[in-house]
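Visitor: Supplied in structure tokens, the structure appears directly below.
There are 2 protein chains.
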Amino acid sequence: MTERPYHHGQLRTALLDAAERSLREGGEEQLSLRELARELGVSHGAPRRHFPDRQALLDALAETGFGRLDTQLRAALTEAGDDFVPRLRATVAAYIRFATEDAALLELMFTSKHRPGADRVAAAAGPAFTLMNDLIVQGQAAGELAGDPERIGIVLFATMQGIATLINGDMVEPKLLDGLVETAVEQFVRGARPA
Amino acid sequence: MTERPYHHGQLRTALLDAAERSLREGGEEQLSLRELARELGVSHGAPRRHFPDRQALLDALAETGFGRLDTQLRAALTEAGDDFVPRLRATVAAYIRFATEDAALLELMFTSKHRPGADRVAAAAGPAFTLMNDLIVQGQAAGELAGDPERIGIVLFATMQGIATLINGDMVEPKLLDGLVETAVEQFVRGARPA
DNA sequence: CAACAATGTATGCAGTGACAACAATGTTGT
DNA sequence: ACAACATTGTTGTCACTGCATACATTGTTG
């Protein structure tokens with residue numbers, strides 16, 4: 003039977019699902035534990051068993067968010083083939099897609115801000131950075147990039163992140179997005195090209 | 003006598019000052035109207051006379067924030083002399099200084115997100131963009147940049163913003179900051195240089 | 001000096017996150 | 001099989017928040 007899918011053993015994942023949806027719809031501010039509990043037909047104290055406080059829920063969201071980001075980036079990479087520039091372009095596009103579709107989640111992922119002891123979140127962020135780094139390393143191996151890999155990698159990451167922020171903050175029209183990605187990639191390649 | 007500096011006619015500005023400090027100390031989430039009122043020795047309903055709701059206070063903060071950003075950028079510019087690259091470097095450095103010192107404020111300025119009818123905030127953001135644009139135009143006039151000014155300007159802005167976000171989110175060590183600025187400027191100039 | 005507007009006060013409402021005591025429901029060791 | 005236990009969810013409470021309204025005070029002005 004299992005008339006009720008939740009209410010029994012699935013509360014934790016149900017909360018995460020509902021929270022992610024709520025995040026997408028109303029942003030972090032709007033997300034309310036009590037509201038989630040209500041939606042899931044559960045008492046307002048129930049979430050506490052799974053997440054000691056609100057921040058714990060947000061941390062969990064951020065953590066899984068990084069995981070999903072990583073898989074999406076990898077998917078884009080494998081689809082892009084072996085050449086460096088197409089791979090770069092695909093990665094940038096995929097990242098910004100994620101960042102604009104799940105803006106609130108990404109903000110949450112980043113602004114797990116300064117909070118001491120967000121080890122798990124930090125750890126979850128690793129792969130995405132590694133991926134970025136590997137891409138840079140490939141570019142250098144292919145003789146297309148020069149300079150300190152760490153630095154140029156961070157600058158690239160920053161540019162992507164910034165474009166997403168600008169779009170999400172309505173300071174740039176979404177219709178410009180594709181052009182911006184193109185310009186950013188092109189400039190990056192030219193700017194980091196060996197002399 | 004005027005024993006009490008506030009409580010009479012200064013509440014509005016006093017609120018803005020206290021709010022900005024609170025923002026710096028605890029971020030937007032932490033900022034509480036009641037807390038501010040308490041600090042200023044005023045009833046918790048008083049702020050309502052000056053800001054109909056919390057968001058109005060935040061909007062006002064964002065607005066003045068853009069103003070201050072603009073003046074700081076201009077100050078950096080005039081101090082940098084007339085040559086393009088030093089001006090560019092100075093602007094980037096000044097922007098990121100602002101962004102890392104007043105992180106919460108900047109976030110607020112940007113994530114006055116999508117909210118319909120934040121005309122004043124949007125208007126206040128204008129000058130900073132204009133300044134950026136003028137800088138690009140100068141670079142082009144000096145024959146140092148090529149390409150669509152709007153696009154490369156946005157990409158530059160995005161890179162700055164992204165670096166600030168990375169630092170503020172503790173995803174990059176602050177000690178790397180100067181090097182990153184240098185790399186970003188250098189790459190930008192090379193990347194947008196005429197062929 | 002009386003009418004008026006601006007500013008701040010007092011009180012109450014609904015909503016929230018956190019917390020603790022309790023009940024129900026598996027799970028497990030003997 | 002059954003008693004002890006752990007997990008999970010419930011209920012009630014507290015302190016806090018933003019918001020709203022009715023009221024008092026004060027300063028300005030006709």
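Protein chains in written order, with the working numbering: chain A, 3 to 197; chain B, 3 to 197. Cβ atoms here follow ideal geometry from the backbone N, Cα and C, with glycine treated the same way.
1) So, do the region 173-190 of chain A and the region 179-186 of chain B have three or more beta carbon pairs nearer to each other than 8 Å?
2) Apart from the five residues on each side of it in sequence, which residues of its chain come closer than 8 Å, Cβ to Cβ, to A:A78?
3) Taking the C-alpha atoms as reference points, what is the distance between A:V157 and B:T161?
4) Counting only beta-carbon separations shorter than 9 Å, does B:N135 have a partner in chain A?
5) With distances taken from CA atoms, which of A:P151, A:D104, A:A144 and A:A16 is nearest A:L133?
6) So, for B:A144: in the same chain, excluding its five sequence neighbours on each side, which residues have a beta-carbon less than 7 Å away from its beta-carbon?
7) Within this structure, are the beta carbons of A:G171 and B:T113 separated by less than 9 Å?
8) Using a Cβ-Cβ cutoff of less than 6 Å, which residues in the same chain neighbour B:P54 once the five nearest sequence positions on both sides are dropped?
9) Which residues in the same chain have their Cβ closer than 6 Å to the Cβ of B:A148, if we skip the five residues on either side of it in sequence?
10) Are the CB atoms of A:P49 and A:L17 nearer to each other than 9 Å?
11) If you measure beta-carbon to beta-carbon, which residues of the region 174-192 of chain A are closer than 9 Å to chain B?
12) Buried or exposed: B:S45, going by 16 or more other Cβ atoms within 10 Å of its Cβ?
13) Helix, strand or coil: how does DSSP classify A:E184 here?
14) Pull up the CB-CB distance for B:R122 and B:D61, whole angstroms please, since I reckon it's below 8 Å.
15) Measure the C-alpha to C-alpha separation of A:L38 and A:L108 and round it to an integer number of angstroms.
16) List the residues of chain B whose Cβ lies closer than 9 Å to the Cβ of A:F53, in chain order.
17) Is the separation between the beta-carbon of B:E146 and that of B:V191 shorter than 9 Å?
18) Could you check the C-alpha separation between B:E103 and B:R26 for me, to the nearest Å?
19) Tell me the rounded alpha-carbon separation between A:R36 and A:G47.
20) So B:G67 and B:L110 are in contact, right, with Cβ under 8 Å, and what is the actual spacing, rounded?
21) In chain order, which continuous runs of the beta strand (DSSP E) of length 3 or greater are located wholly inside the region 39-106 of chain A?
22) Could you check whether B:A166 and B:A105 sit closer than 9 Å to each other, using their CB atoms as the reference points?
23) Report all residues from its chain with a CB closer than 8 Å to the CB of B:L98; omit the five preceding and five following residues, and keep chain order.
24) Which same chain residues end up closer than 7 Å to A:A194 when comparing Cβ atoms and leaving out the 5 residues on each side of it in sequence?
25) Could you list which residues in chain A have their beta carbon closer than 9 Å to that of B:L168, in chain order?
26) Taking the alpha-carbon positions, what's the B:S24 to A:E30 distance?
27) Taking the Cβ atom as the reference point for each residue, do A:F100 and A:L63 lie within a distance shorter than 9 Å?
28) Please report how far the alpha carbon of A:T73 lies from the alpha carbon of A:A130, in whole angstroms.
29) Can you tell me the Cα-Cα spacing of B:F159 and A:R40, whole angstroms?
30) Using a Cβ-Cβ cut-off of 7 Å (strictly less than) and excluding sequence neighbours within five positions of A:L33, which residues of its own chain qualify?
31) Grouping DSSP H, G and I as helix and E and B as strand, with all else coil, what is B:S24?
32) Just the C-alpha distance for B:D19 and B:E65, rounded to the nearest angstrom, thanks.
33) Quick one: using the 10 Å Cβ neighbour count with 16 as the cut-off for buried, is A:R51 buried or exposed?
Guide: In short, the structure shows the following:
1) no
2) A92, T93, A95 and A96
3) 7 Å
4) no
5) A:P151
6) F86
7) yes
8) none
9) P196
10) yes
11) V174, L178, G181, L182, E184, T185, A186, E188, Q189, F190, V191 and R192
12) exposed
13) helix
14) 7 Å
15) 20 Å
16) The premise fails here: A:F53 is roughly 17 Å from chain B at the closest Cβ pair, so nothing lies under 9 Å.
17) yes
18) 8 Å
19) 8 Å
20) 7 Å
21) none
22) yes
23) In the sequence on display, residue 98 of chain B carries Ile and not Leu. The answer, listed in chain order, is M162, I165, A166, I169, L179 and V183.
24) L147, A148, G149 and I154
25) F112, I156, F159, A160 and Q163
26) 20 Å
27) no
28) 9 Å
29) 42 Å
30) A21, S24 and L25
31) helix
32) 13 Å
33) exposed
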